[in-house]
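Sequence lines, in order, name chains X and P. Following our numbering, the residues of the first sequence are numbered contiguously, the last one being 213. Following our numbering, the residues of the second sequence are numbered contiguously, the last one being 686. Quick reminder that beta carbons are idealized off the backbone N, C-alpha and C, glycines included. As structure tokens, the structure follows; a few thoughts come after it.
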Amino acid sequence: MHKLSKIHGHAAALHIANFDTDQVMPKQFLRGIDKSGLAQGLFYDLRFDEHGEPKQNFFLNQPAYAKTDVLIAGSNYGCGSSREHAVWGMQQFGFKAVIASSFAEIFYSNAMGNGLLLVVLPEKQVQALMKEADDKGVPISLDIDIENLKVRTTHHEFTFVMSARHRRMFLEGLDVIGLTLKHKKEIDAFAQEHWNEQPWVKDVARKTMDRLN
Amino acid sequence: MTARTLYQKLVDSHTVLKLDEENVLLFCDLHLMNEYTSPQAFSGLDEKDREVLMPGQNIAVVSHIIPTHHEIPRKIADPASSLQALNLKKNCVKHNIPLFDTNHPLQGIEHVVSPEHGMVRPGMVIICGDSHTTTYGALGALGFGIGTSEVEHVLATQTLVYRLAKNMHIKINGTLPVGTTSKDMILNIISQIGAKGAIGYVVEFSGSALTDLSTEARFTLCNMAVEAGARGALIAPDKTAIDYVLARCPDITGEIKDRALVHWASLYSDADAQFEKAYEFDASDMAPFVTWGTSPDQAIAINAAIPTKDSIQDPIDKLSLEQALRYTKLSDGQRLEGTPIDHVFIGSCTNGRIEDLRNVIAAIGDRKVAPGVRAMVVPGSGAVKAQAEQEGIADKLIAAGFEWRKPGCSMCLAMNDDVLTSGTRCASTTNRNFEGRQGRGAITHLMSPAMAAAAAVTGKITDVRKLQGAANA
């Protein structure tokens with residue numbers, strides 16, 4: 001993950017609550033073995049009609065919204081399937097951040113782990129930002145200050161909360177696996193003790209498979 | 214010692230390190246993988262030349278992309294999907310990870326396969342790159358879904374950086390009436406607490422209504438807790454759960470068994486344990502539940518009507534209702550009973566187990582699939598399929614006009630070639646009625662297997678309790 005302390009973005013509103021990851025990235029785009037080519041699948045059924053033609057009435061297909069890189073979304077954004085392709089696709093499309101009053105848990109972890117910043121604000125403040133964006137008719141200029149945990153637009157300034165760990169991940173660009181592997185000795189020691197106490201969970205997958213085959 | 218919830222006990226017993234106030238390094242006893250959320254995790258390991266730390270605690274299954282046609286051996290025609298399966302095999306061989314491959318006789322959906330062969334034991338922490346991992350709470354194991362980056366983290370470290378959840382208690386009193394199942398129970402609960410009602414929480418279910426539920430019915434309940442946003446679901450293991458586990462774990466005998474029983478007996482929430490949120494429901498007046506919208510919380514009892522626009526105060530909820538009804542081609546205030554359906558899908562990690570199939574047989578009696586309806590039954594695993602064939606369920610289904618198919622996730626998410634066309638209305642025993650989930654423009658009504666069976670034989674959404682001669686499950 002790259003270091004990131006500030007996002008200067010262009011924000012637009014998506015007025016849909018419970019926007020699930022099936023809609024963010026439909027199934028037909030999940031057949032790869034790498035992360036590439038997902039921008040095309042993003043919001044596919046919203047962006048394209050059944051013949052694959054862009055829907056002109058969807059804002060992201062309009063030239064005025066070409067610069068959109070911050071989404072102001074309805075609550076429980078990213079619910080449903082755990083597919084991280086939804087996050088990779090948003091990033092490949094150019095999104096840097098999503099603002100909503102709540103996010104689904106797995107999507108939240110996936111996004112923050114990849115450096116797609118998710119900002120949680122109270123629904124009233126989200127609505128205020130949506131209104132500002134809708135009124136303008138083009139994406140509004142919006143800054144997110146990760147150092148000071150502020151969202152700023154022409155008309156609003158809101159403070160948001162983020163865990164100290166996530167904030168550090170953004171500011172310092174951490175390799176989480178690398179950090180955890182520094183604790184390998186503790187993990188091995190824990191596992192030994194755990195298996196002494198509960199021997200029936202040691203190698204449970206391997207032993208079951210050996211029995212079945 | 215301070216009183217702890219079952220959830221807190223499970224986290225404590227798996228905490229390698231406390232990282233900060235909100236996060237711990239959590240040890241994972243079992244990691245399940247599928248073909249579509251794991252490839253990028255393996256390539257991530259390869260890029261950094263990292264090993265799988267504890268291969269024997271990991272298992273992989275080909276489940277999501279696999280076709281369910283009758284074909285021996287099974288072949289994956291789609292080249293990209295075929296590559297995913299081959300790639301999974303290559304990765305499992307390279308890293309010495311056990312695999313239920315495409316043509317393994319016990320292949321099936323990860324959440325059906327792993328408990329039925331005794332890999333899920335009370336007190337474990339189980340993760341998988343699939344949101345329905347909450348299923349294992351039915352056996353007192355903490356299960357939850359993770360993304361691909363976390364799959365990579367688990368492979369390399371057998372741990373997760375885990376953000377602690379809050380505790381929610383859902384007590385369900387009474388007893389489910391005849392004709393209703395745990396699917397109706399969970400749809401009812403989600404409709405009341407909402408699709409985001411449990412965000413941030415691990416839900417512990419308890420109450421007299423659970424006592425009579427089989428382990429399989431409890432799987433259904435915990436499986437769908439994620440549709441309320443829950444980060445996990447738990448039921449304290451009782452005799453039902455422990456009998457289920459012991460019947461499937463021949464390795465747990467003698468002194469090990471005695472120790473396991475002692476440990477499992479400690480897996481409950483202490484009497485004074487604090488839950489940040491609590492709900493209470495009564496199962497006695499629950500009716501069969503069916504979804505009308507595009508979110509699992511948009512569900513009503515079969516004898517109720519879809520909410521009217523005017524009855525909804527919140528402008529966002531009102532907008533959601535309008536958006537959903539536009540997609541499902543229904544009207545506010547309308548009843549669902551009698552709505553014609555084109556397709557029936559019975560299967561999935563929610564309702565693809567043997568008990569579900571027995572419920573289908575009981576509901577249809579001597580009836581046949583209604584003309585014009587295509588009804589598919591996809592067993593959750595090879596073992597479920599074999600058992601259903603042995604019990605004569607498969608023959609009865611085939612005689613009644615159902616398609617009896619091979620195991621997999623199939624039309625729950627339509628990632629294989631089982632995809633509905635636009636406008637098709639489907640009575641489905643799955644877990645998500647999202648827009649486009651079963652195919653672009655396809656309309657999904659979630660319901661129990663008995664209700665889906667009733668829809669199959671009548672050609673419309675039907676209250677299974679009114680079906681003459683149905684042995685109501």
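Through-space distance from residue j to residue i, alpha-carbon basis
i, j, result
"residue 651 of chain P", "residue 22 of chain X", "10 Å"
"residue 371 of chain P", "residue 309 of chain P", "15 Å"
"residue 534 of chain P", "residue 76 of chain X", "15 Å"
"residue 611 of chain P", "residue 617 of chain P", "6 Å"
"residue 275 of chain P", "residue 504 of chain P", "29 Å"
"residue 82 of chain X", "residue 344 of chain P", "5 Å"
"residue 495 of chain P", "residue 556 of chain P", "32 Å"
"residue 623 of chain P", "residue 298 of chain P", "15 Å"
"residue 455 of chain P", "residue 202 of chain X", "19 Å"
"residue 532 of chain P", "residue 261 of chain P", "47 Å"
"residue 159 of chain X", "residue 129 of chain X", "13 Å"
"residue 267 of chain P", "residue 16 of chain X", "42 Å"
"residue 577 of chain P", "residue 100 of chain X", "46 Å"
Per DSSP, cross-strand counterpart(s) of residue i
i, result
"residue 638 of chain P", "P:656"
"residue 143 of chain X", "X:8 and X:152"
"residue 358 of chain P", "P:341"
"residue 298 of chain P", "In DSSP, residue 298 of chain P forms no bridge with anything."
"residue 445 of chain P", "P:415"
"residue 594 of chain P", "P:321"
"residue 307 of chain P", "None, per the DSSP bridge assignment."
"residue 504 of chain P", "P:512"
"residue 587 of chain P", "P:556"
Within chain X, the residues that residue i reaches when beta carbons sit closer than 7 Å
i, result
"residue 330 of chain P", "208 and 212"
"residue 361 of chain P", "84"
"residue 579 of chain P", "Within chain X, no residue comes near residue 579 of chain P; the closest Cβ sits about 37 Å away, beyond 7 Å."
Three-way DSSP call (helix, strand, coil) for residue i in this model
i, result
"residue 455 of chain P", "helix"
"residue 578 of chain P", "coil"
"residue 495 of chain P", "strand"
"residue 79 of chain X", "strand"
"residue 117 of chain X", "strand"
"residue 686 of chain P", "Only weak support exists for where residue 686 of chain P lies, its pLDDT of 47 falling under 50; the value from the coordinates is given anyway. If DSSP states are grouped into helix, strand and coil, residue 686 of chain P belongs with coil."
"residue 380 of chain P", "strand"
"residue 321 of chain P", "strand"
"residue 20 of chain X", "strand"
"residue 160 of chain X", "coil"
"residue 93 of chain X", "helix"
"residue 240 of chain P", "strand"
"residue 611 of chain P", "helix"
"residue 375 of chain P", "strand"
"residue 230 of chain P", "strand"
Own chain, CB closer than 8 Å to residue i, minus 5 neighbours either side, in chain order
i, result
"residue 133 of chain X", "11, 12, 13, 72, 139 and 140"
"residue 67 of chain X", "10 and 139"
"residue 381 of chain P", "411, 414, 415, 416, 417, 443, 488, 489, 490, 491 and 492"
Chain-ordered neighbours of residue i on chain P, where CB pairs are closer than 7 Å
i, result
"residue 190 of chain X", "229 and 240"
"residue 120 of chain X", "What residue 120 of chain X touches in chain P: nothing, since even the nearest Cβ is about 11 Å away."
"residue 114 of chain X", "362"
"residue 181 of chain X", "369 and 370"
"residue 106 of chain X", "344, 358, 359 and 360"
Interface partners of residue i on chain P, CB under 9 Å
i, result
"residue 99 of chain X", "Neighbours of residue 99 of chain X on chain P: none; closest Cβ ~15 Å, over 9 Å."
"residue 250 of chain X", "Nothing about residue 250 of chain X can be read from this structure; chain X reaches only from 1 to 213."
"residue 57 of chain X", "Neighbours of residue 57 of chain X on chain P: none; closest Cβ ~14 Å, over 9 Å."
7 Å CB neighbourhood of residue i in its chain, flanking five on each side removed
i, result
"residue 481 of chain P", "219 and 449"
"residue 348 of chain P", "324, 356, 432, 435, 436 and 562"
"residue 332 of chain P", "243 and 272"
"residue 497 of chain P", "387, 388 and 390"
Other residues of its chain near residue i: CB distance less than 6 Å, five sequence neighbours each side excluded
i, result
"residue 680 of chain P", "667"
"residue 628 of chain P", "277 and 278"
"residue 198 of chain X", "none"
"residue 253 of chain P", "361"
"residue 374 of chain P", "236"
"residue 42 of chain X", "89 and 93"
"residue 143 of chain X", "8 and 152"
8 Å Cβ cut-off: residues of chain X touching residue i
i, result
"residue 536 of chain P", "16"
"residue 252 of chain P", "32, 33 and 34"
Residue i Cβ short of 7 Å to the ligand FMN heavy atom set
i, result
"residue 174 of chain X", "For the structure depicted, the ligand FMN is absent and the ligand set is empty, with no information on it obtainable."
Cross-chain neighbours of residue i in chain X, by beta carbon under 9 Å
i, result
"residue 628 of chain P", "27, 28, 30 and 31"
"residue 591 of chain P", "Result: empty, since nearest Cβ-Cβ is about 16 Å, beyond 9 Å."
"residue 432 of chain P", "Going along chain X, no residue has its Cβ under 9 Å from residue 432 of chain P, so there is no contact; the nearest lies around 18 Å."
Interface residues of chain C facing residue i [CB-CB closer than 9 Å]
i, result
"residue 165 of chain X", "The structure shown contains no chain C; its protein chains are X and P."
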